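In this text, residue positions in the sequence shown follow my numbering: the first is 14, and each later residue adds one. Built from N, CA and C at the ideal position, the CB exists for glycine as well. Computed from a prediction, not measured in an experiment: that's the story for all the values here.
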Amino acid sequence: MKKIEKEDVVKVIVTGIQKYGAFAQTDNYEGLIHISEISYGYVKNVNDYVKIGDEIYAKVVDVDNEDNHLKLSIKDIDYKNDGSKLERMEETKNGFKPLKDNLEIWITEKIKEITNKM
Numbered sequence: 014m015k016k017i018e019k020e021d022v023v024k025v026i027v028t029g030i031q032k033y034g035a036f037a038q039t040d041n042y043e044g045l046i047h048i049s050e051i052s053y054g055y056v057k058n059v060n061d062y063v064k065i066g067d068e069i070y071a072k073v074v075d076v077d078n079e080d081n082h083l084k085l086s087i088k089d090i091d092y093k094n095d096g097s098k099l100e101r102m103e104e105t106k107n108g109f110k111p112l113k114d115n116l117e118i119w120i121t122e123k124i125k126e127i128t129n130k131m
């Protein structure tokens, strides 16, 4: 069994849900996804994001290898990814250059369009 380390992304099964977060399990580790680690926005109900039995991906925020406990986060990753989309996108040569070159023109055109409708 591979030792889990901080910053790893691991596949977990959601085993419980409370007002303050979701409990998850992987291999011999148990973890908590605290409500503050679910989304950058306001989370009214944890059940809106995960359900008991869901297999999801979570990022390890902290690990206690002695007690096999994990602090997990899903707010910075595609937590429902099934693994088939994990290949990286290729970066283009132009990058943001087209945006830089055209942004001012697009803004000016939109302002004119809005002003003419008034």
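Which listed residue (the options) has its alpha carbon closest to that of residue i
i      : options                        : result
Asp-40 : Lys-84, Leu-116, Lys-24        : Lys-24
Asn-65 : His-47, Gln-31, Ile-51, Asp-89 : Note on identity: in this sequence residue 65 is Ile, with Asn being the wrong assignment. The residue with the shortest Cα to Cα distance from Ile-65 is Gln-31.
Where the beta strand (DSSP E) through residue i begins and ends
i      : result
Tyr-68 : Note that residue 68 corresponds to Glu in the displayed sequence, not to Tyr. That run of the beta strand (DSSP E) goes 68-77.
Lys-24 : 22-31
Buried or exposed by the 16-neighbour rule on C-beta atoms within 10 Å, applied to residue i
i       : result
Leu-99  : Low confidence applies to Leu-99: its pLDDT is 45, below 50, so where it sits in the model is not reliable, and the reading given next is rough at best. It is exposed - the Cβ of Leu-99 has fewer than 16 other Cβ atoms within 10 Å.
Tyr-42  : buried
Ile-69  : buried
Leu-116 : exposed
Expected contact under 8 Å - CB spacing of residue i and residue j to nearest Å
i      : j      : result
Gly-34 : Ile-46 : 5 Å
Ile-51 : Lys-88 : 6 Å
Val-59 : Ile-48 : 6 Å
Element boundaries [alpha helix (DSSP H), containing residue i]
i      : result
Lys-84 : Run containing Lys-84: none in the alpha helix (DSSP H); it sits in the beta strand (DSSP E), 82-86.
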